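Participant: Going by this note's numbering, the first residue of the sequence shown is number 325, and it counts up by one from there. My questions all concern the structure below.
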Amino acid sequence: MSNTVNITVNQGTSLPYTFTLTYLDNSVYNLTGYDARLQVRRTYGDTTWLINCTVANGKLVINAAAGTITWHIIPSDTMSIRFNNKDDDTLDCVYDLEITDPTGNIYKPAGGTLTINREVTR
(Lines of atoms letter the chains of each structure in order from A; the text may use other names.)
(Lines give C-alpha, C1' and ligand atoms only; values in the text may rest on other atoms or scores of the structure.)
Protein backbone atom coordinates (compact mmCIF):
# COMPACT_ATOMS: atom_id res chain seq x y z
CA MET A 325 0.00 0.00 0.00
CA SER A 326 3.03 2.38 -0.16
CA ASN A 327 3.34 4.79 -3.08
CA THR A 328 5.98 7.36 -3.96
CA VAL A 329 4.25 10.71 -4.43
CA ASN A 330 6.47 13.71 -5.15
CA ILE A 331 4.86 17.10 -4.49
CA THR A 332 5.95 20.66 -5.32
CA VAL A 333 4.75 23.74 -3.44
CA ASN A 334 5.65 27.40 -3.77
CA GLN A 335 6.97 28.85 -0.51
CA GLY A 336 4.38 30.94 1.32
CA THR A 337 1.36 29.61 -0.56
CA SER A 338 -1.54 27.26 0.17
CA LEU A 339 -1.75 23.85 -1.42
CA PRO A 340 -4.32 21.19 -0.60
CA TYR A 341 -3.09 17.77 -1.73
CA THR A 342 -5.42 14.77 -1.58
CA PHE A 343 -4.22 11.19 -1.24
CA THR A 344 -6.77 8.58 -2.32
CA LEU A 345 -6.19 5.18 -0.75
CA THR A 346 -7.32 2.32 -2.96
CA TYR A 347 -7.05 -1.43 -3.17
CA LEU A 348 -5.54 -3.13 -6.22
CA ASP A 349 -9.00 -3.34 -7.79
CA ASN A 350 -9.28 0.49 -7.41
CA SER A 351 -11.98 0.30 -4.74
CA VAL A 352 -11.36 2.82 -1.98
CA TYR A 353 -10.35 2.10 1.59
CA ASN A 354 -12.96 2.85 4.20
CA LEU A 355 -11.00 4.97 6.67
CA THR A 356 -13.65 5.03 9.41
CA GLY A 357 -11.92 5.24 12.78
CA TYR A 358 -8.48 5.88 11.28
CA ASP A 359 -6.03 8.55 12.40
CA ALA A 360 -3.23 10.04 10.31
CA ARG A 361 -0.02 11.99 10.67
CA LEU A 362 2.58 13.33 8.27
CA GLN A 363 5.96 14.93 8.84
CA VAL A 364 8.35 16.76 6.52
CA ARG A 365 12.09 16.65 7.23
CA ARG A 366 15.17 17.80 5.34
CA THR A 367 16.47 14.21 5.19
CA TYR A 368 15.28 10.82 6.39
CA GLY A 369 17.89 10.90 9.16
CA ASP A 370 16.96 14.33 10.51
CA THR A 371 15.64 14.35 14.07
CA THR A 372 13.83 17.67 13.62
CA TRP A 373 10.70 18.01 11.51
CA LEU A 374 10.04 21.07 9.35
CA ILE A 375 6.28 20.55 9.06
CA ASN A 376 4.15 18.44 11.40
CA CYS A 377 0.64 17.52 10.26
CA THR A 378 -2.05 15.64 12.16
CA VAL A 379 -5.80 15.27 12.10
CA ALA A 380 -5.85 16.97 15.51
CA ASN A 381 -4.05 20.11 14.26
CA GLY A 382 -6.32 20.29 11.19
CA LYS A 383 -3.57 19.95 8.59
CA LEU A 384 -4.83 16.48 7.64
CA VAL A 385 -8.50 15.83 6.94
CA ILE A 386 -9.84 12.30 6.52
CA ASN A 387 -12.91 11.60 4.40
CA ALA A 388 -13.54 8.04 5.57
CA ALA A 389 -16.14 6.99 2.99
CA ALA A 390 -14.17 8.43 0.05
CA GLY A 391 -10.90 6.86 1.23
CA THR A 392 -9.10 10.19 1.08
CA ILE A 393 -6.73 12.14 3.27
CA THR A 394 -6.23 15.78 2.35
CA TRP A 395 -2.99 17.48 3.38
CA HIS A 396 -3.49 21.20 3.82
CA ILE A 397 -0.15 22.94 3.29
CA ILE A 398 -0.63 26.49 4.53
CA PRO A 399 1.59 29.55 3.94
CA SER A 400 3.09 29.51 7.44
CA ASP A 401 4.25 25.90 6.94
CA THR A 402 6.82 26.96 4.36
CA MET A 403 7.43 30.65 5.14
CA SER A 404 9.91 30.01 7.95
CA ILE A 405 11.82 27.19 6.28
CA ARG A 406 15.43 28.20 5.63
CA PHE A 407 17.02 27.11 2.38
CA ASN A 408 20.46 25.47 2.47
CA ASN A 409 22.15 28.34 0.61
CA LYS A 410 21.02 31.91 -0.03
CA ASP A 411 21.20 31.29 -3.79
CA ASP A 412 19.15 28.07 -3.80
CA ASP A 413 15.86 28.38 -5.68
CA THR A 414 14.46 25.07 -4.43
CA LEU A 415 14.69 22.86 -1.37
CA ASP A 416 14.01 19.13 -1.62
CA CYS A 417 12.69 17.61 1.60
CA VAL A 418 11.22 14.19 2.41
CA TYR A 419 7.88 13.26 3.93
CA ASP A 420 5.76 10.25 4.65
CA LEU A 421 2.14 9.72 5.57
CA GLU A 422 1.27 7.30 8.36
CA ILE A 423 -2.22 6.04 9.07
CA THR A 424 -3.33 4.17 12.16
CA ASP A 425 -6.32 1.83 11.99
CA PRO A 426 -8.81 1.48 14.86
CA THR A 427 -6.87 -1.48 16.33
CA GLY A 428 -3.55 0.41 16.40
CA ASN A 429 -1.89 -1.03 13.29
CA ILE A 430 0.24 1.57 11.47
CA TYR A 431 0.62 1.77 7.68
CA LYS A 432 2.54 4.12 5.38
CA PRO A 433 0.46 4.55 2.23
CA ALA A 434 2.55 7.35 0.72
CA GLY A 435 5.80 9.22 0.96
CA GLY A 436 8.29 10.98 -1.23
CA THR A 437 9.87 14.34 -1.89
CA LEU A 438 8.35 17.71 -1.08
CA THR A 439 10.05 20.31 -3.25
CA ILE A 440 9.66 23.87 -2.02
CA ASN A 441 10.21 26.63 -4.58
CA ARG A 442 11.63 29.76 -2.98
CA GLU A 443 9.32 32.74 -3.08
CA VAL A 444 10.34 36.16 -4.33
CA THR A 445 7.43 38.22 -3.03
CA ARG A 446 7.57 38.40 0.76
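By construction, the Cβ of each residue, glycine as well, lies at the ideal position given by its N, Cα and C atoms. Being a predicted model, the structure only gives us computed values, none of them experimental.
According to DSSP, simplified to helix, strand and coil, what is Asn402?
Facilitator: Taking the sequence shown and counting its residues from 1, one reaches residue 402 at position 78. Here residue 402 turns out to be Thr, not Asn, going by the sequence shown. Residue state, collapsed to three classes: helix.
Participant: Going by DSSP in three states, Arg442 sits in which element: helix, strand or coil?
Facilitator: Residue 442 sits at position 118 when you count from the first residue of the sequence shown. Coil at Arg442, not helix or strand.
Participant: With a cut-off of 8 Å, do at least 3 Cβ pairs link the stretch 390-397 to the stretch 339-346?
Facilitator: yes
Participant: One question on the structure: do Tyr358 and Asp425 come within less than 7 Å of each other, judged by their Cβ atoms?
Facilitator: Along the sequence shown, one-based indexing puts residue 358 at 34. Along the sequence shown, one-based indexing puts residue 425 at 101. In this structure, Tyr358 lies near Asp425, with their beta-carbon atoms less than 7 Å apart.
Participant: According to DSSP, is Tyr341 helix, strand or coil?
Facilitator: Taking the first residue of the sequence shown as position 1, residue 341 is located at position 17. In the structure shown, Tyr341 sits in a strand (DSSP, three-state: E or B).
Participant: Would you tell me roughly how many angstroms separate the C-alpha atoms of Asp416 and Asp370, rounded to the nearest one?
Facilitator: Here the question's residue 416 lines up with position 92 in the sequence shown. Here the question's residue 370 lines up with position 46 in the sequence shown. Rounded to whole angstroms, Asp416 to Asp370 spans 13 Å at the Cα level.
Participant: Apart from the five residues just before and just after Ala388, which ones in its own chain have a Cβ nearer than 8 Å to its Cβ?
Facilitator: Within the sequence shown, the letter at position 64 stands for residue 388. Counting only Cβ-Cβ distances below 8 Å, and skipping sequence neighbours, we find Asn354, Leu355, Thr356, Gly357, Tyr358.
Participant: Report the residue from Ala360, Ile405, Asp349 whose alpha carbon sits nearest the alpha carbon of Ile375.
Facilitator: Working through the sequence shown from its first residue, we reach residue 375 at position 51. It is Ile405 whose Cα lies nearest to the Cα of Ile375.
Participant: Out of Thr337, Asn327, Ile386, Thr439, state which residue places its alpha-carbon closest to the alpha-carbon of Asn408.
Facilitator: Start at 1 with the first residue of the sequence shown, and residue 408 comes out as number 84. Comparing alpha carbon positions, the residue from Thr337, Asn327, Ile386, Thr439 closest to Asn408 is Thr439.
Participant: Let's see if you can read the secondary structure: which residues bound the beta strand (DSSP E) around Thr392?
Facilitator: Locating residue 392 in the sequence shown gives position 68, where the first residue counts as 1. That run of the beta strand (DSSP E) goes 392-397.
Participant: I believe Ser326 touches Gly435 by the beta-carbon criterion, under 8 Å. Please report the beta-carbon distance rounded to the nearest angstrom.
Facilitator: Indexing the sequence shown from 1 puts residue 326 at position 2. Indexing the sequence shown from 1 puts residue 435 at position 111. Confirmed, Cβ separation roughly 7 Å.
Participant: From the DSSP output, in three-state form, read off Asn327 for me.
Facilitator: Counted from its first residue, the sequence shown places residue 327 at position 3. Of the three classes helix, strand and coil, the one that applies to Asn327 here is strand, per DSSP.
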